[in-house]
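Colleague: Letter by letter, the sequence shown follows residues 2 to 346 of our numbering. Every residue gets a Cβ at the ideal spot worked out from N, C-alpha and C, and that includes glycine. What follows is a structure written as structure tokens; I'll ask about it next.
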Amino acid sequence: MKSLKSSHHALAESFYQLQIIEQSAEQKPFASSLQGCDLYPLRPVALEIFQVNVGKMCNQTCRHCHVDAGPDRKEIMDKDTMRLCLDILRKNPSFTTVDITGGAPEMNPNFRWFVEEINRLGRKIIVRCNLTIIVANKKYNDLPTFFAQHRVEVVSSLPFYSRDRTDRQRGDGVFDDSIKAIQLLNEAGYGMKETGLVLNLVYNPSGAFLPAAQVSLEKDFKQALLTEFGIHFNQLFTITNMPISRFLDYLIQSGNYDRYMDKLIQSFNPAAAAAVMCRNTLSVGWDGYIYDCDFNQMLDLKVQSASQHLREFNSDALMQRHVVINQHCYGCTAGSGSSCGGATI
Numbered sequence: 002m003k004s005l006k007s008s009h010h011a012l013a014e015s016f017y018q019l020q021i022i023e024q025s026a027e028q029k030p031f032a033s034s035l036q037g038c039d040l041y042p043l044r045p046v047a048l049e050i051f052q053v054n055v056g057k058m059c060n061q062t063c064r065h066c067h068v069d070a071g072p073d074r075k076e077i078m079d080k081d082t083m084r085l086c087l088d089i090l091r092k093n094p095s096f097t098t099v100d101i102t103g104g105a106p107e108m109n110p111n112f113r114w115f116v117e118e119i120n121r122l123g124r125k126i127i128v129r130c131n132l133t134i135i136v137a138n139k140k141y142n143d144l145p146t147f148f149a150q151h152r153v154e155v156v157s158s159l160p161f162y163s164r165d166r167t168d169r170q171r172g173d174g175v176f177d178d179s180i181k182a183i184q185l186l187n188e189a190g191y192g193m194k195e196t197g198l199v200l201n202l203v204y205n206p207s208g209a210f211l212p213a214a215q216v217s218l219e220k221d222f223k224q225a226l227l228t229e230f231g232i233h234f235n236q237l238f239t240i241t242n243m244p245i246s247r248f249l250d251y252l253i254q255s256g257n258y259d260r261y262m263d264k265l266i267q268s269f270n271p272a273a274a275a276a277v278m279c280r281n282t283l284s285v286g287w288d289g290y291i292y293d294c295d296f297n298q299m300l301d302l303k304v305q306s307a308s309q310h311l312r313e314f315n316s317d318a319l320m321q322r323h324v325v326i327n328q329h330c331y332g333c334t335a336g337s338g339s340s341c342g343g344a345t346i
């Protein structure tokens, strides 16, 4: 399949991605798979997780990144948009968890203020930290202490428990910096059962295949990291690489796109489909637009509702919507399922 990309502009990139994805509709459409298990149209069951992308700027440029984040990205959520988020949280107590993502969310200049304000509302806070940001610059060295003060749950990507595989996926030196960062988090109490401070790691496959079983892989990670580096963490989340953004580029350039899509389609699991994260989560972009999930956000597939922006937020309307789907959704329903919280079944 040939690449259709002609521009690096964000909207042009989203259009290009959708063109590629929709070409796989000649394979079994995702809607057809949902119909086969009485889940079409896909509807939300609750509004529980409020996921906020506070910007695409990042100190890394990872090969598998579905956000296409990097140091050159300028999209940053401003304080006014954050205030809209806080207002919605005040008015909608059903949102029990706020999941803050990026880029490297800590690079948003108002990140700490935002965390403090959410903490005052009594919500559970998750921050998706790439680990290396903690040691990248002195102004971030105190993040473990800041996270601990606000009882933030930290979720961090670590492609593997070896230097070679991690650096090949995320860049030279990333493994060593990640290990240093985890050790600092451990020193602050993260990953220790008695503290209640949660540190979860994320594993993404390094190629065009599904992740191994989450339970067995977690056991391997815990044993290797404890033995080699004295590191503790709570859980390992296995997340399937979605056929979008940089990973889509890799699939096309390596000639693996059709084979990978076939694998996802053949591995469709109705139980995983029933548990997809878009059924209890809303994803908010840096500019305040609302999406069914973080992946749809990267494809600029806004919610199918009159309530498409935080300014016109209406929980009743959003609960009545149909979730926007496309072929990339097979990534969340293959095998044991995949979500921001790892395997779904």
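(1) Within 8 Å of any Cβ in chain B, is that where the Cβ of Ile346 sits?
(2) Please determine, among Gln305, His233, Ile77 and Ala149, the residue with the shortest C-alpha to C-alpha distance to Cys59.
(3) Assuming contact is defined by CB atoms lying nearer than 8 Å, are Phe51 and Met83 in contact in what I supplied?
(4) Residues bridged to Asn201 by DSSP?
(5) Given Pro42, which residues of its chain have a CB within under 7 Å of its CB, disregarding the five upstream and five downstream residues?
(6) Only counting runs of 3 or more residues, tell me where the beta strand (DSSP E) segments fall wholly within the stretch 285-342, in order along the chain.
(7) If contact is defined by three or more beta carbon pairs under 8 Å, each pair taking one atom from either stretch, is the stretch 92-110 in contact with the stretch 200-220?
(8) What is the DSSP secondary structure of Gln61, reduced to helix, strand or coil?
(9) Quick one: what does DSSP say Ser8 is sitting in, helix, strand or coil?
(10) Quick check: the Cα distance between Asp73 and Ile266, rounded to an integer number of angstroms?
(11) Suppose you measure from the CA of Asn120 to the CA of His151; what does that come to, to the nearest Å?
(12) For Ile183, which residues does DSSP report across the bridge?
(13) If you reduce the DSSP assignment to three classes, tell me which class Val53 lands in.
(14) Going straight from the alpha carbon of Asp293 to that of Pro110, what length do you get?
(15) In this structure, does DSSP put Thr167 in helix, strand or coil?
(16) Return the first residue and the last residue of the alpha helix (DSSP H) that Arg124 is part of.
(17) Out of Cys63, Ala149, Ala105 and Phe161, state which residue places its alpha-carbon closest to the alpha-carbon of Asn138.
(18) Check whether the Cβ atoms of Ile326 and Gly338 sit closer than 8 Å, and answer yes or no.
Modeller: Straight from the coordinates:
(1) The chain inventory of the structure shown lacks chain B, comprising one protein chain alone.
(2) Ile77
(3) no
(4) Its beta-bridge partners are Val156 and Gln236.
(5) His323
(6) none
(7) no
(8) coil
(9) Per-residue confidence for Ser8 stands at a pLDDT of 37, beneath the threshold of 50, marking its modelled position as unreliable; the derived number appears in the next sentence. Reduced to three states, the DSSP call for Ser8 is coil.
(10) 35 Å
(11) 7 Å
(12) For Ile183, which the question treats as bridged, DSSP gives no partner whatsoever.
(13) strand
(14) Between Asp293 and Pro110, the C-alpha separation is close to 26 Å.
(15) helix
(16) No alpha helix (DSSP H) contains Arg124, which DSSP labels as neither H nor E.
(17) Ala105
(18) no
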